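Undergrad: Chains A and B, in that order, give the protein sequences.
Counting from 1, position 59 in the first sequence corresponds to residue 59 in full-length UniProt numbering; the numbering is continuous, with no gaps.
Counting from 1, position 169 in the second sequence corresponds to residue 169 in full-length UniProt numbering; the numbering is continuous, with no gaps.
Where a beta carbon is used, it is the ideal one built from N, C-alpha and C, also for glycine.
Quick caveat, the model's predicted, so the values are computed rather than measured.
Have a look at this one before I ask anything.
There are 2 protein chains.
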Amino acid sequence: MAKDSLRLSDVLRCPQAPVDINAIDTGATPEAPGDKDKTLKQFEPMAEELSELQERLFARGRSNPEARRVLVVLQGLDTAGKGGVVRHVFGLVDPQGIHHHSFKAPTDEELEHDFLWRVRKALPEPGMLGVFDRSHYEDVLVARVDSLVEEKVWKERYNIINEFELELVANGYNIIKCFLHISPQTQKERLEARLDNPAKYWKYNPSDLDTRSKWSDYMDAYNDVLSLCNPDVAPWYIIPADHKWYRNWAVGRILLETMRSMKLTWPPADFDVEEEKQRLSQA
Amino acid sequence: MAKDSLRLSDVLRCPQAPVDINAIDTGATPEAPGDKDKTLKQFEPMAEELSELQERLFARGRSNPEARRVLVVLQGLDTAGKGGVVRHVFGLVDPQGIHHHSFKAPTDEELEHDFLWRVRKALPEPGMLGVFDRSHYEDVLVARVDSLVEEKVWKERYNIINEFELELVANGYNIIKCFLHISPQTQKERLEARLDNPAKYWKYNPSDLDTRSKWSDYMDAYNDVLSLCNPDVAPWYIIPADHKWYRNWAVGRILLETMRSMKLTWPPADFDVEEEKQRLSQA
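Following this line, the structure appears as structure tokens:
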């Protein structure tokens, strides 16, 4: 991959046109630096650059309540690797600067409010690198597939989501949305692996198979999400996720490219440096 | 260091007797596996074991609201390395399982409540590995040194803290409290480094020098903390912290020893494994 000429963000960017997710190869590895081993070798330099950019982001947030923030939204079916991305990509940088939130089925209290209520509460503070494992998109995915609300309710939500994300962008958020795309066969293998290993039982839930049986309904729902909520300021990326090494590298790389584009400089001193050096020499 | 015969936790355990922190060598490296290079080589195997133990802790928390939790309290003067420990020790494991909270000067809202109110709100959930950068101990440290409350108020807090921590232990918390102990000379060098490097200006605050000028008052306040709030179930460890590599290794090692002692097994399946294998084969 030519270092700066081709941005992976452009390659994996979800097109702004009706999308058919079924037509996209889940096993592809576009622009990977090489095979698995070669790609894994790229994690160390990627970690180094990401760490510095994250620290700059964080530093700027310390002194400025209007500092920028980054929000990465991870979506995908069970076993697509949302948790793996958190561990292997967000685990590359200082945990102090990470704001991780995992969305489960809404609680009774959450259901008493509009669907964005719990999302607003979970947003990262200025300077933070936020990551959502699932998100407000569940309210047009599982809510639609399982008819948890009436059709006219979930249909209105696409616009509400678009307005919400525009509001976030206006308030200094950089939003990156990643759909981790796996094949039904890959899911089957990963579920088998969970049932074959007592150290992985906790990751398995019998309801995963019920969800699996609605695969094509979910693909329809994702097609609408990707087609209807995909502005340039809050873009979707479609990450082929059958290969874990590629999935992790690709999300890391898109995050890196996004953070590079933010031109994050170190915040200036808000004190007189020479005067403080003087004071310190006598302290 | 003999692998299992000698526990670093025993070596760095703060004695249960009146403590004089000034008598403890900040540059020591007790039981280090070797010099800096040799010690840093121990981080990879330590990370591997810590990661697995943290995942077990997390897995148990998923299915059981009474699962154990770990809370690491980091205290120390400016530049002692609280942030460095978060990055280099807690950065070794899955960010998904880390609950990090940094305590700043209390807000107006926080001041309207008792001093533990904000601490209770920041406690880790079951299964989480929590880390506090500063803590309720600030309420008997800065609050005392700067006379933010009357003497009789802060004097009552030692007992309140002891009762609070006992309550946490009874509710399934494993508490580890680390005092990162540096010399005045080390602090001076680290502050100089912050003033010499624009990438570190953000870590510097002119008020750091005011705090520095009260060094011996802080040592007195720490001596009381270490002497009065040090039960076996919520122990203090005194970490010589002039060497960053030693400080990080020591905190990681104590965390590892503590988590080993918890005998964390993988949670059993809460479903019929064979039945699910059968279902999956047909799904």
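Taking the alpha-carbon positions, what's the tyrosine 158 of chain B to tyrosine 222 of chain B distance?
TA: Here residue 158 of chain B is taken as the residue at index 158 of the second sequence, counted from 1. Here residue 222 of chain B is taken as the residue at index 222 of the second sequence, counted from 1. For tyrosine 158 of chain B and tyrosine 222 of chain B, the distance between alpha carbons rounds to 12 Å.
Undergrad: In angstroms with no decimal places, state the Cα-to-Cα distance between proline 126 of chain B and alanine 17 of chain A.
TA: Indexing the second sequence from 1 puts residue 126 of chain B at position 126. Indexing the first sequence from 1 puts residue 17 of chain A at position 17. Looking at the two C-alpha atoms, the distance is approximately 44 Å.
Undergrad: Can you find at least 3 beta carbon pairs, one from the segment 208–226 of chain A and one from the segment 36–56 of chain A, that sit closer than 8 Å?
TA: no
Undergrad: Taking 8 Å as the threshold (beta carbon to beta carbon), is glutamate 276 of chain A in contact with chain B?
TA: Along the first sequence, one-based indexing puts residue 276 of chain A at 276. Answer yes: the Cβ-Cβ gap between glutamate 276 of chain A and chain B drops below 8 Å somewhere.
Undergrad: Please state the DSSP three-state secondary structure of proline 240 of chain B.
TA: For the purposes of this step, residue 240 of chain B is taken as residue 240 along the second sequence, with counting starting at 1. Note: proline 240 of chain B maps to strand in three-state DSSP.
Undergrad: Answer yes or no: does any C-beta atom of chain A fall closer than 8 Å to that of leucine 123 of chain B?
TA: Counting from one through the second sequence, the residue named residue 123 of chain B turns up at place 123. No - not a single Cβ of chain A is within 8 Å of the one on leucine 123 of chain B.
Undergrad: Return the bridge partner residues of methionine 74 of chain A from the DSSP annotation.
TA: As a first step, residue 74 of chain A must be located in the first sequence, where it is residue number 74. It should be pointed out that residue 74 of chain A corresponds to leucine in this sequence rather than to methionine. Residue pairing for leucine 74 of chain A: DSSP places it in a beta bridge opposite A:Asp133, A:Cys178.
Undergrad: Which residues share a DSSP beta bridge with histidine 99 of chain B?
TA: As a first step, residue 99 of chain B must be located in the second sequence, where it is residue number 99. Histidine 99 of chain B pairs with B:Gly130.
Undergrad: Taking the alpha helix (DSSP H) that histidine 88 of chain B belongs to, which residues open and close that run?
TA: Here the question's residue 88 of chain B lines up with position 88 in the second sequence. For histidine 88 of chain B, the enclosing alpha helix (DSSP H) starts and ends at 82–88.
Undergrad: Quick one: residues in its chain with C-beta nearer than 8 Å to the C-beta of alanine 2 of chain A, no 5 flanking neighbours on either side, listed in chain order?
TA: Residue numbering aside, residue 2 of chain A sits at position 2 when the first sequence is read from its first letter. For alanine 2 of chain A, the pLDDT reaches just 44, beneath the cut-off of 50, and the residue's location in the model is therefore unreliable, leaving the point undetermined.
Undergrad: Name the residue from A:Arg260, A:Ile160, A:Ile254, A:Phe115 whose alpha carbon lies nearest to the alpha carbon of asparagine 148 of chain A.
TA: Looking up residue 148 of chain A in the first sequence gives position 148. In the sequence as presented, asparagine is not what sits at residue 148 of chain A; that position holds leucine. Nearest C-alpha to leucine 148 of chain A: A:Phe115.
Undergrad: Taking contact to mean 3 or more Cβ pairs, one atom from each stretch, closer than 8 Å, check whether the segment 81–89 of chain B and the segment 62–78 of chain A are in contact.
TA: no
Undergrad: Closer than 8 Å by beta-carbon distance: list the chain C residues that pair up with tryptophan 266 of chain B, in chain order.
TA: No chain C is present in this structure, whose protein chains are A and B.
Undergrad: State yes or no: is the C-beta of glycine 91 of chain B within less than 8 Å of the C-beta of methionine 128 of chain B?
TA: Here residue 91 of chain B refers to the residue found at position 91 of the second sequence. Here residue 128 of chain B refers to the residue found at position 128 of the second sequence. No, these two residues do not count as a Cβ contact at 8 Å.
Undergrad: Report all residues from its chain with a CB closer than 7 Å to the CB of glutamate 276 of chain A; omit the five preceding and five following residues, and keep chain order.
TA: Residue 276 of chain A sits at position 276 when you count from the first residue of the first sequence. Closer than 7 Å at the Cβ level, and outside the excluded window around glutamate 276 of chain A, lies no residue.
Undergrad: At a CB-CB cut-off below 8 Å, which residues of chain A make contact with phenylalanine 43 of chain B?
TA: For the purposes of this step, residue 43 of chain B is identified with residue 43 of the second sequence, where counting begins at 1. Neighbours of phenylalanine 43 of chain B on chain A: none; closest Cβ ~14 Å, over 8 Å.
Undergrad: Compare the C-beta of phenylalanine 90 of chain B against all C-beta atoms of chain A and say whether one is closer than 8 Å.
TA: Working through the second sequence from its first residue, we reach residue 90 of chain B at position 90. It does: the Cβ of phenylalanine 90 of chain B has a partner Cβ on chain A nearer than 8 Å.
Undergrad: At what residues does the alpha helix (DSSP H) containing serine 281 of chain B begin and finish?
TA: Counted from its first residue, the second sequence places residue 281 of chain B at position 281. Run containing serine 281 of chain B: 273–281, per the alpha helix (DSSP H) assignment.
Undergrad: Using the three-state DSSP reduction, which class does tyrosine 204 of chain A fall into: helix, strand or coil?
TA: Along the first sequence, one-based indexing puts residue 204 of chain A at 204. It is coil, neither helix nor strand.
Undergrad: Mark alanine 170 of chain B as exposed unless 16 or more other C-beta atoms lie within 10 angstroms of its C-beta, in which case mark it buried.
TA: As a working note, residue 170 of chain B is residue 170 in the second sequence. Exposed, since its Cβ has fewer than 16 Cβ neighbours within 10 Å.
Undergrad: Based on the DSSP output, what are the partners of arginine 69 of chain A in its beta bridges?
TA: Taking the first sequence and counting its residues from 1, the one referred to as residue 69 of chain A is at position 69. DSSP, once it has assigned bridges, lists A:Tyr173 as partnering arginine 69 of chain A.
Undergrad: Check each residue of the segment 72–97 of chain A: if its Cβ is closer than 7 Å to any Cβ of chain B, include it; give the result in chain order.
TA: Gly83, Val86, Arg87, Phe90, Gly91, Asp94, Pro95, Gln96
Undergrad: Taking the C-alpha atoms as reference points, what is the distance between aspartate 108 of chain A and valine 273 of chain A?
TA: Start at 1 with the first residue of the first sequence, and residue 108 of chain A comes out as number 108. Start at 1 with the first residue of the first sequence, and residue 273 of chain A comes out as number 273. Between aspartate 108 of chain A and valine 273 of chain A, the C-alpha separation is close to 53 Å.
Undergrad: Can you name, in chain order, every residue of its own chain whose Cβ lies under 6 Å from the Cβ of valine 11 of chain B, other than the five neighbours on each side?
TA: Translated into the one-based positions of the second sequence, residue 11 of chain B becomes position 11. So the list reads Pro30, Glu31, once near-sequence residues are dropped.
Undergrad: Interface residues of chain A around histidine 101 of chain B at Cβ under 7 Å?
TA: Mapped onto the second sequence, residue 101 of chain B falls at position 101. Result: empty, since nearest Cβ-Cβ is about 10 Å, beyond 7 Å.
Undergrad: Count the other CB atoms within 10 Å of the CB of histidine 100 of chain B; is the residue buried (16 or more) or exposed (fewer)?
TA: On the second sequence, residue 100 of chain B is found 100 positions in, with the first residue counted as 1. Counting Cβ neighbours within 10 Å, histidine 100 of chain B comes out buried, since at least 16 surround it.
Undergrad: Since aspartate 217 of chain B and valine 145 of chain B are thought to touch, with beta carbons under 8 Å apart, how far apart are those beta carbons, to the nearest angstrom?
TA: Counting from one through the second sequence, the residue named residue 217 of chain B turns up at place 217. Counting from one through the second sequence, the residue named residue 145 of chain B turns up at place 145. 5 Å between Cβ atoms; contact.
Undergrad: Give every residue of the same chain whose Cβ lies closer than 7 Å to the Cβ of tyrosine 239 of chain A, excluding the five residues on either side of it in the sequence, and list them in chain order.
TA: Taking the first sequence and counting its residues from 1, the one referred to as residue 239 of chain A is at position 239. Before going on, a small fix: residue 239 of chain A reads as isoleucine here, not tyrosine. So the qualifying residues of the chain are Leu12, Cys178, Phe179, Leu180, His181, Arg247, Ala250, Val251.
Undergrad: List, in order along the chain, the chain A residues whose C-beta lies closer than 7 Å to that of alanine 105 of chain B?
TA: Here the question's residue 105 of chain B lines up with position 105 in the second sequence. The contacting residues do not exist; alanine 105 of chain B stays about 13 Å from chain A at best.
Undergrad: What separation, rounded to the nearest whole angstrom, lies between the Cα atoms of glycine 61 of chain B and glutamate 55 of chain A?
TA: Sequence index remark: in the second sequence, residue 61 of chain B carries index 61 (1-based). Sequence index remark: in the first sequence, residue 55 of chain A carries index 55 (1-based). About 30 Å.
Undergrad: By a C-beta neighbour count over all protein chains shown, 10 Å radius and 16 as the cutoff for buried, is proline 65 of chain A buried or exposed?
TA: Looking up residue 65 of chain A in the first sequence gives position 65. Under this definition proline 65 of chain A is an exposed residue.
Undergrad: Whose C-alpha, out of A:Arg194, A:Leu123, A:Lys104, A:Lys155, is nearest the C-alpha of glutamate 167 of chain A?
TA: Residue numbering aside, residue 167 of chain A sits at position 167 when the first sequence is read from its first letter. Selected option, being the one with the closest Cα: A:Leu123.
Undergrad: Within the continuous alpha helix (DSSP H) that includes asparagine 223 of chain B, where are the two ends?
TA: In the second sequence, the residue the question calls residue 223 of chain B occupies position 223. From DSSP, the alpha helix (DSSP H) with asparagine 223 of chain B extends over 215–228.
Undergrad: What in chain A is Cβ-close to proline 206 of chain B, meaning under 7 Å?
TA: Against the second sequence, residue 206 of chain B aligns to sequence position 206. What proline 206 of chain B touches in chain A: Phe271, Glu276.
Undergrad: Alpha carbons only, please: which of B:Leu255, B:Asp224, B:Trp266 is nearest the one belonging to valine 19 of chain B?
TA: Along the second sequence, one-based indexing puts residue 19 of chain B at 19. Looking at the Cα atoms, B:Asp224 is the closest of the given residues.
Undergrad: Kindly list, in the order they appear in chain B, the residues whose Cβ is closer than 8 Å to that of glutamate 192 of chain A.
TA: Indexing the first sequence from 1 puts residue 192 of chain A at position 192. Going along chain B in sequence order, the residues near glutamate 192 of chain A (Cβ under 8 Å) are Lys277, Leu280.
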